[in-house]
Amino acid sequence: KAGVTQTPRYLIKTRGQQVTLSCSPISGHRSVSWYQQTPGQGLQFLFEYFSETQRNKGNFPGRFSGRQFSNSRSEMNVSTLELGDSALYLCASSQTTDAYYGYTFGSGTRLTVV
Amino acid sequence: DQQVKQNSPSLSVQEGRISILNCDYTNSMFDYFLWYKKYPAEGPTFLISISSIKDKNEDGRFTVFLNKSAKHLSLHIVPSQPGDSAVYFCAASARNRDDKIIFGKGTRLHILP
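Take a look at the structure:
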């Protein structure tokens, strides 16, 4: 069974640009969550989507947005990139919104802003 | 405000001995807790969870203990193996509230030969 696929794996962007990251969840999983991992802050919750609807949003500025498509694939977009946006962006999927039995994470997209 | 705290950034344990990773939380509304393990260049992998109505959950070499009065949980790994060297994240969620998963900053575990 294919895991959670995130593309691209690595990305280098210039300050001020925008970027779109993609996440394909495990087949049958309808919940997709996004996290930002930085060395100083650990994993910070960005947002969660279920059946194309945003259920939850973390404390990130409006430059961070996302969406989910009818096939459960999700994208997140960061506009007007800042140096501090350099991080590993992780996507996780689950069958339901109950994470008690664990999310399955992808390997992440490493974004570097220069 | 950090609701889930892992106060030890790193821990070294001899192979074969017990590894104990600790986690404290501040939000009494959390009703379940999870542990994830992460290797470099990979996403976190779910290890074990515990409901707030329990004080212990065991899965093979991994046992999680929950002390609600102290708002503290710990992950015990017995015996520790070289493949256990990784970063361990504690996480918590309040079901039916905003129920997003809040992660700690992680503890890097080194298993020494």
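Those sequence lines, one after another, are chains R and P. Using our numbering, the letters of the first sequence map in sequence onto residues 1 to 114. Using our numbering, the letters of the second sequence map in sequence onto residues 1001 to 1113. A virtual CB, placed ideally from N, CA and C, is assigned to each residue, including glycine. No experiment lies behind these values; they were computed from the predicted model shown.
Among the options, nearest to residue i - alpha-carbon criterion
| i | options | result |
| --- | --- | --- |
| Glu1042/P | Arg63/R, Gly40/R and Gln6/R | Gln6/R |
| Ser1008/P | Tyr1088/P, Leu1047/P and Ser1093/P | Tyr1088/P |
| Gly28/R | Met76/R, Gln18/R and Ala2/R | Ala2/R |
| Val32/R | Ser86/R, Arg110/R, Leu88/R and Ser74/R | Ser74/R |
| Ile1018/P | Asn1057/P, His1076/P, Pro1113/P and Leu1109/P | His1076/P |
| Asn1057/P | Leu1034/P, Ser1093/P and Ser1012/P | Leu1034/P |
| Gln36/R | Thr14/R, Ser94/R, Ser65/R and Thr96/R | Ser65/R |
| Leu1117/P | Cys1023/P, Thr1063/P, Arg1095/P and Pro1082/P | Chain P is shown from 1001 up to 1113; residue 1117/P falls before or after that span and cannot be answered. |
| Gln1002/P | Arg1108/P, Ala1092/P, Leu1109/P and His1110/P | Ala1092/P |
| Gln44/R | Ser1080/P, Val1004/P and Thr1107/P | Val1004/P |
| Ser107/R | Phe69/R, Tyr101/R, Leu88/R and Val114/R | Leu88/R |
| Leu1047/P | Asn1067/P, Ser1080/P and Thr1063/P | Thr1063/P |
| Leu1021/P | Ala1094/P, Ile1102/P, Ile1101/P and Ser1085/P | Ser1085/P |
| Val113/R | Leu46/R, Ser79/R and Gly40/R | Ser79/R |
| Ile12/R | Leu83/R, Tyr101/R and Ser94/R | Leu83/R |
For residue j and residue i, the rounded distance between their alpha carbons
| i | j | result |
| --- | --- | --- |
| Val1078/P | Arg1061/P | 5 Å |
| Leu1073/P | Asn1027/P | 13 Å |
| Pro1044/P | Cys91/R | 10 Å |
| Gly1104/P | Asn71/R | 31 Å |
| Gln18/R | Asp98/R | 32 Å |
| Arg63/R | Asn77/R | 8 Å |
| Leu111/R | Gln1006/P | 26 Å |
| Gln54/R | Arg67/R | 7 Å |
| Phe1030/P | Leu81/R | 34 Å |
| Pro61/R | Ile1050/P | 32 Å |
| Ser1012/P | Arg30/R | 39 Å |
| Asn56/R | Ser1010/P | 31 Å |
| Tyr100/R | Ser1052/P | 11 Å |
| Gly1016/P | Ser1080/P | 5 Å |
| Tyr1025/P | Ser93/R | 25 Å |
Extent of the continuous beta strand (DSSP E) to which residue i belongs
| i | result |
| --- | --- |
| Gly108/R | Taken as a continuous stretch (DSSP letters only), Gly108/R belongs to no beta strand (DSSP E), as it is neither H nor E. |
| Thr14/R | Where Thr14/R is concerned, there is no enclosing beta strand (DSSP E), given that its DSSP letter is neither H nor E. |
| Tyr49/R | Gly42 to Phe50 |
| Phe64/R | Phe64 to Gln68 |
| Met76/R | Ser74 to Val78 |
| Tyr1025/P | Ser1019 to Tyr1025 |
| Thr1063/P | Phe1062 to Asn1067 |
| Val32/R | Ser31 to Thr38 |
| Lys1100/P | No beta strand (DSSP E) contains Lys1100/P, which DSSP labels as neither H nor E. |
| Phe1089/P | Ala1086 to Ser1093 |
Counterpart residues of residue i in DSSP-defined beta bridges
| i | result |
| --- | --- |
| His1110/P | Ser1012/P |
| Ile1053/P | Answer by DSSP bridge pairing: none, since Ile1053/P is not bridged. |
| Ile1048/P | Trp1035/P |
| Tyr89/R | Gln36/R and Thr109/R |
Cβ neighbour criterion (16 or more within 10 Å) applied to residue i
| i | result |
| --- | --- |
| Glu48/R | buried |
| Tyr103/R | buried |
| Thr14/R | exposed |
| Asp85/R | buried |
| Val4/R | buried |
| Gly42/R | buried |
| Pro25/R | buried |
| Thr109/R | buried |
| Tyr10/R | exposed |
| Phe105/R | buried |
| Thr96/R | exposed |
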